[in-house]
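Residue numbers (the working numbering), protein chains in the order written: chain A, 5 to 156; chain B, 5 to 156.
The C-beta atom is built at its ideal place from N, Cα and C for all residues, glycine as well.
This report refers to the structure that appears directly beneath it.
There are 2 protein chains.
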Amino acid sequence: MEEVPGAFGSSASFALRLGQTVFSTSSLLFMSLDVDFYGYSAFCYLVTVMGLVIPWSITLLVVDAYSIFIKCLPYQHRLILIILLGDMILSYLTLAAACSTASVTDLLLDADGSYCPSKLCDRYQLSAAMAFLSWFLSSASFLFNFWLFPSL
Amino acid sequence: MEEVPGAFGSSASFALRLGQTVFSTSSLLFMSLDVDFYGYSAFCYLVTVMGLVIPWSITLLVVDAYSIFIKCLPYQHRLILIILLGDMILSYLTLAAACSTASVTDLLLDADGSYCPSKLCDRYQLSAAMAFLSWFLSSASFLFNFWLFPSL
């Protein structure tokens, strides 16, 4: 079986998971610190999704680190399937949350300055941008693992 | 090389393409007939994306129909790669458009009845729902072709 760079247990996968953790955490922080995000359902959705993505990324970051630095874990069909499904669902949810946040922010900016003071809207936009970056990396993880899967 | 149901040239693929064509066309029609969609950037984005998805789906529908009913086309590495990339990009764009439309409609419903008369808002919601269905099928096409690809 060929080694797929970026698939579970490789150092590229470790880097991807690290990026996901950083971007999803910063998206959550930009949205939730000092912002009344619960006024808009799209922002609540982003916070919920990031609350799922962060523990998932951290868990897999730890597993990848263990596999690289301590003891190489063997590929197990069932384990890769679970990671694959989790990555697929979370990457779609992250994209959905990022798009919803971006479009609602855009509408608020268009509508009226009073709905969205400049400082707050910058925070929303940054949060959406971080969510997009997190989606990009989690989608890459999913595709690398999916590439590996048929050969198992 | 194994046959993958749902991959390019199979009858399941034909059914998926047919569904994509129907759902993306109805999404476009719900959004654009008698609606001033150009007032909101999310709705313009949906119309643009559907304008890309519809010709793509129809082209592949015709190619699949040719392959099933007239003459079985051989798998070509480059052709599958192009279909794969097109499906991937368009499925992500469709999901983004559907989420943006859904979240903007939700915000308009919450904000005030005057922004969004009940009849119009139903149209927006139907359009978003059709776009979600189109995304689901186009994502399935992408995953089936991606499953086939490493064995080529």
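Rounded C-alpha distance that separates L130/B from T52/B: 17 Å
Straight-line gap, C76/B to Y70/B (C-alpha atoms, nearest Å): 8 Å
Element boundaries [alpha helix (DSSP H), containing D110/A]: H81 to A115
Rounded separation between A100/B and L141/B - CA only: 15 Å
8 Å Cβ cut-off: residues of chain B touching L137/A: Within chain B, no residue comes near L137/A; the closest Cβ sits about 14 Å away, beyond 8 Å.
Minimum Cβ-Cβ distance from C103/B to chain A less than 9 Å: yes
Own chain, CB closer than 8 Å to L3/B, minus 5 neighbours either side, in chain order: What is shown of chain B runs 5 to 156, which leaves residue 3/B out entirely.
Distance between V57/B and V66/B (C-alpha atoms, nearest Å): 14 Å
Beta carbon of A132/B nearer than 9 Å to that of A102/B: yes
Through-space distance from F150/B to F18/B, alpha-carbon basis: 16 Å
Validate contact between the stretch 8-26 of chain B and the stretch 78-92 of chain A using beta carbons, cut 8 Å, 3 pairs: no
Unbroken alpha helix (DSSP H) run spanning V53/B, endpoints: S45 to F73
Contacting positions in the stretch 46-62 of chain B - beta carbon closer than 9 Å to chain A: A46 and Y49
Beta-carbon separation (whole angstroms), L111/B vs Y44/A, contact threshold 8 Å: 7 Å
Where the alpha helix (DSSP H) through C125/A begins and ends: S122 to L152
Nonlocal neighbours in the same chain, by C-beta distance under 7 Å from S28/A, ignoring five residues either side: M54, V57, I58, S61 and S138
Under the three-state DSSP convention, the category A16/B falls into: helix
Whether V39/A touches L113/A by CB criterion (9 Å): no
For F146/B and I93/B, the rounded distance between their alpha carbons: 10 Å
Pair within 9 Å by beta-carbon distance, T105/B and S107/A: yes
Alpha-carbon spacing of C48/B relative to F148/A, whole angstroms: 33 Å
Supposed contact pair L50/B and A135/B - C-beta distance, whole angstroms, cut 8 Å: 6 Å
CB contact check: D114/B to chain A, cutoff 9 Å: yes
Residues, ordered as in the chain, of the stretch 59-91 of chain B that lie near chain A by beta-carbon distance below 9 Å: none
Neighbour list for V108/A in chain B, Cβ cutoff strictly below 8 Å: S107, V108 and L111
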